[in-house]
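As structure tokens, the structure follows; a few thoughts come after it.
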DNA sequence: AAAACAATAGACTGACTGGTCTACTTTAAG
DNA sequence: CTTAAAGTAGACCAGTCAGTCTATTGTTTT
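Protein chains in written order, with our numbering: chain H, 1 to 196; chain V, 197 to 392.
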């Protein structure tokens with residue numbers, strides 16, 4: 001009943017189109033066309049467009065969490081260096097997509113939070129999971145004496161995630177990673193520093 | 197030919213609906229309905245939905261710039277206090293709209309930057325004008341010895357704007373101003389500080 | 001082999017989209 | 001008073017939307 005190549009193809013095509021155009025601007029027919037699946041199959045696997053959208057979010061979150069673990073919980077690398085690699089990966093991806101795509105979760109958060117509570121809850125959960133990864137990494141950094149956390153690890157993680165998401169948004173409208181670089185520079189220069 | 201109450205009503209209703217639902221999710225008929233204007237008038241004043249959207253952006257940018265000037269260029273108030281008032285106003289507005297609306301320019305930047313270069317350029321211009329207001333205020337702060345700018349005023353302004361926009365986005369999905377508070381706290385505690 | 005079910009296939013529906021069209025009313029100029 | 005233009009009014013259009021429907025094909029289970 002579950003896992004199927006057709007279902008996967010639908011989700012992958014959907015993720016790509018939604019990343020590029022947003023949720024509302026992406027029609028089901030467009031998804032079907034790009035992966036050559038008939039409409040009957042779509043409504044066999046998903047009960048509605050919303051159901052489909054939630055599946056796209058879930059799949060993306062799982063995949064993304066894997067790379068997040070690989071980058072931020074790599075105990076062979078100093079915690080701050082892990083963060084730098086995370087930012088570098090984000091910048092690289094921004095180049096790859098020609099500054100057009102950005103972060104799927106951020107995009108949908110902006111577009112759908114005010115539209116549907118179901119979507120908002122799902123996206124909020126993903127953000128919270130990401131913040132936890134940051135918290136973990138920040139605690140490591142403090143334990144090793146690399147930084148002094150002057151608020152709470154949670155507040156600092158929130159600061160980093162929101163700043164990064166904002167930088168991605170700005171990078172899209174500017175078509176340049178410059179805002180991402182500025183964020184990273186000031187973050188490491190003034191926020192992620194040892195106690196004075 | 198120009199200025200008209202009908203045109204204004206259309207733009208105001210459009211701004212409200214687009215703020216709440218986004219651009220793609222807001223139909224022209226919905227705008228007409230909420231302000232009781234017939235379609236003939238709409239296409240008398242605007243050549244297309246895109247033309248209308250650009251007018252909404254322009255109007256919003258002008259209005260918002262006025263409050264930005266009032267807050268950030270008030271020379272009777274210390275520069276950092278001006279910034280604090282700006283953030284407080286943003287938080288207050290977020291409460292008023294029940295964490296649903298956020299920033300119109302940020303929303304559209306996320307939704308339309310990858311979709312239309314015309315929109316992207318218009319939104320980018322608005323962001324750049326805002327950054328200039330921050331630059332001005334930051335220079336004042338440095339001149340008065342309140343802060344030490346360790347990068348450039350432009351980079352710091354970019355950092356503040358992107359961080360704030362990201363915090364607004366996160367506040368929407370979380371339905372709480374907490375991320376905005378965290379951003380402000382850490383910003384004033386570790387970034388906007390005098391030279392050591 | 002037969003029955004049951006999963007999956008594929010796409011024509012079709014009503015509602016709605018942005019946009020056009022013609023007709024009418026108001027305003028301003030000559 | 002006449003005439004031209006600005007603005008109002010809404011029926012209408014082709015296209016698209018998410019979603020439904022019936023029919024058919026594959027694959028198990030019995």
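Glycine included, each C-beta is placed from N, C-alpha and C at the ideal position.
Given the structure is predicted, the values throughout are model-derived calculations rather than measurements.
query, result
"Within the 8 Å Cβ cut-off, does residue 355 of chain V reach chain H?", "yes"
"Name the two residues that bound the continuous alpha helix (DSSP H) containing residue 172 of chain H.", "153-174"
"What is the residue span of the alpha helix (DSSP H) that residue 216 of chain V lies within?", "201-217"
"Rounded to whole angstroms, what's the CA-CA distance from residue 387 of chain V to residue 294 of chain V? Just pull it up for me.", "29 Å"
"Check the Cβ-Cβ distances between residue 218 of chain V and every residue of chain H, and say whether any is below 8 Å.", "yes"
"Consult DSSP for residue 376 of chain V and reduce its assignment to one of helix, strand or coil.", "helix"
"Does the region 216-224 of chain V come close enough to the region 258-273 of chain V to have 3 or more Cβ pairs within less than 8 Å?", "no"
"For residue 354 of chain V, which residues in the same chain have their Cβ closer than 8 Å to its Cβ, ignoring the five residues on either side in sequence?", "327"
"Under 8 Å by Cβ, that's how I've got residue 135 of chain H and residue 154 of chain H pegged, so tell me the actual separation to the nearest angstrom.", "6 Å"
"Could you tell me whether the Cβ of residue 320 of chain V comes closer than 8 Å to any Cβ of chain H?", "yes"
"Excluding the 5 residues preceding and the 5 following residue 280 of chain V in the sequence, name in chain order all residues of the same chain whose CB lies nearer than 8 Å to its CB.", "380, 384"
"Express the C-alpha separation of residue 45 of chain H and residue 7 of chain H in angstroms, rounding to a whole number.", "7 Å"
"Could you give the first and the last residue of the continuous alpha helix (DSSP H) run that contains residue 199 of chain H?", "In the structure as shown, chain H starts at 1 and stops at 196, and residue 199 of chain H therefore has no counterpart that could be examined."
"Hey, is residue 14 of chain H's beta-carbon within less than 8 Å of any beta-carbon in chain V?", "no"
"Check residue 41 of chain H in the structure and name its three-state DSSP category.", "helix"
"Just checking my contact of residue 114 of chain H with residue 296 of chain V at CB under 8 Å: how many whole Å lie between their CB atoms?", "4 Å"
"Just mark residue 249 of chain V as buried or exposed, buried being the case when its beta carbon has 16 or more other beta carbons within 10 Å.", "buried"
"Contact criterion: CB-CB distance below 8 Å. Does residue 90 of chain H meet it with respect to chain V?", "no"
"Counting pairs of Cβ atoms below 8 Å between the region 115-130 of chain H and the region 144-152 of chain H, do you hit three or more?", "no"
"Please compile the residues from chain H whose C-beta is within a distance smaller than 9 Å of the C-beta of residue 392 of chain V.", "196"
"Skipping 5 residues on each side, what residues in its chain have a beta carbon closer than 7 Å to that of residue 226 of chain V?", "213"
"What's the gap between the Cα of residue 10 of chain H and the Cα of residue 286 of chain V?", "40 Å"
"Roughly how many angstroms separate the alpha carbons of residue 298 of chain V and residue 290 of chain V, rounded to a whole number?", "6 Å"
"If you pair each beta-carbon of the region 301-308 of chain V with each one of the region 158-173 of chain H, do three or more pairs fall below 8 Å?", "yes"
"Within the same chain, show all residues whose beta-carbon is closer than 6 Å to that of residue 341 of chain V, passing over the 5 residues directly before and after it, in chain order.", "none"
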